[in-house]
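Structure, as structure tokens:
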Amino acid sequence: MIPYFNELLQEEREELTQAIRLLERQTYVLERKYDRKTGRYQYSGVYRTLERHMEFLREYLEISGISIYEDIQLGVIYIKGEAVLAEKLPKLATLYLLILKVIYDEQMTEASNSLAVHTTLGELSERLGVFGLTGRTAPTEIRRALSLLKKYQIIEPLDLMDDLDGNMRLILYPTINLILTGNDVRELLSELGEGEGQDRQLTRDTEEAADREENETDGEENETDGEEDSR
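According to our numbering, the stretch in the sequence shown is residues 1 to 231, in order.
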């Protein structure tokens, strides 16, 4: 394992080290992310680095009790395990996560070959009202919730978070499918309706949801990803 790393060029070692740090910090790395400057989806160099050294990473991370996975269909590399730091999501972020999953599933059902799934902050608020989960929320809480969801590669705000108006645009990433399933949404809505589930641990939910997804998809054929990069 160590010889493999030492045999890499200095530039490759630096790239791999930075990629590992990013993966450990945000748990998920996307193959393609939306670039606000170009207005297009761009391939991630970090993803390519992790993918290229996957066998080494499996052995390296296993020492710390961490497993690394690549979901080729979703285009996500992620880690899970007891050693992965679990960050509690505040209630608002949990509510946003639930609504985002509903929106994501709806849009993918309507246009399954579309790479981009969009929503707005206004739609999130409206959906919360439909589920009877409304309430007065401070701007600082909203920013914190959105920042956490961005950190874990669930959303990409297309507008600055200085002005939190209803027209604020958000892109939803397929990462959300590794965190929540349809059953998760129903269970969490039930808990929240009973006044429970004030905080959630994102990485713990991710681990349980990922296991369920693996069981549900076991034996299914891989579908061809018909998504094309916007150029």
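Note that beta-carbon positions come from the ideal geometry of N, C-alpha and C, so glycine has one too.
Residues of its chain near residue i, where Cβ-Cβ distance is below 6 Å and the 5 sequence neighbours each way are ignored
| i | result |
| --- | --- |
| Ser125 | none |
| Val117 | Tyr104, Gln107, Leu172 |
| Thr175 | Tyr28, Val76, Gln153, Ile154 |
| Asp71 | none |
Alpha-carbon spacing of residue i relative to residue j, whole angstroms
| i | j | result |
| --- | --- | --- |
| Pro3 | Val84 | 26 Å |
| Met1 | Arg25 | 22 Å |
| Gln42 | Leu30 | 10 Å |
| Gly166 | Leu178 | 27 Å |
| Thr120 | Met168 | 5 Å |
| Asp162 | Ile103 | 24 Å |
| Tyr69 | Asp35 | 25 Å |
| Glu82 | Glu62 | 11 Å |
| Arg186 | Leu180 | 10 Å |
| Glu59 | Gln153 | 25 Å |
| Arg136 | Ile155 | 23 Å |
| Asp184 | Ile142 | 23 Å |
| Thr17 | Phe5 | 10 Å |
| Glu12 | Arg52 | 11 Å |
| Gly122 | Leu8 | 49 Å |
| Met54 | Lys33 | 20 Å |
| Lys101 | Lys150 | 14 Å |
Outcome for residue i when other beta-carbon atoms lying within 10 angstroms are tallied against a minimum of 16
| i | result |
| --- | --- |
| Gln73 | exposed |
| Lys37 | exposed |
| Ser44 | buried |
| Leu188 | buried |
| Val46 | buried |
| Val130 | exposed |
| Ala138 | exposed |
| Gln10 | exposed |
| Gly75 | buried |
| Thr140 | exposed |
| Thr109 | exposed |
| Glu15 | buried |
| Thr49 | buried |
Proximity test, residue i beta-carbon vs the ligand NAP heavy atom, cut-off 6 Å
| i | result |
| --- | --- |
| Tyr41 | Inclusion of the ligand NAP in the displayed structure is not the case, the ligand content being empty and no account of it being possible. |
Proximal residues to residue i (C-beta, below 7 Å), its chain only, five neighbours per side dropped
| i | result |
| --- | --- |
| Ile99 | Leu124, Arg127, Leu128 |
| Ser64 | Ala83 |
| Ile66 | Ile79, Gly81, Ala83, Val84 |
Cβ distance (whole Å) where residue i is taken to contact residue j below 8 Å
| i | j | result |
| --- | --- | --- |
| Leu148 | Leu89 | 6 Å |
| Leu160 | Leu170 | Contact flag wrong, Cβ pair sits at about 12 Å. |
| Ala19 | Tyr96 | The Cβ separation is near 28 Å, so there is no contact. |
| Ile79 | Leu23 | 6 Å |
Spatial neighbours of residue i in its chain, beta-carbon cut-off 8 Å, leaving aside the 5 residues before and after
| i | result |
| --- | --- |
| Leu164 | Leu121, Pro139, Ile142, Arg143 |
Report task. Entirely within the region 115-171 and at least 3 residues each: give me those beta strand (DSSP E) ranges in chain order. Result -> 117-120, 155-157
Query raised in the report: Counting only runs that start and end within the region 50-117, where is the beta strand (DSSP E) found for 3 or more residues in a row?
Result: 67-71, 76-80
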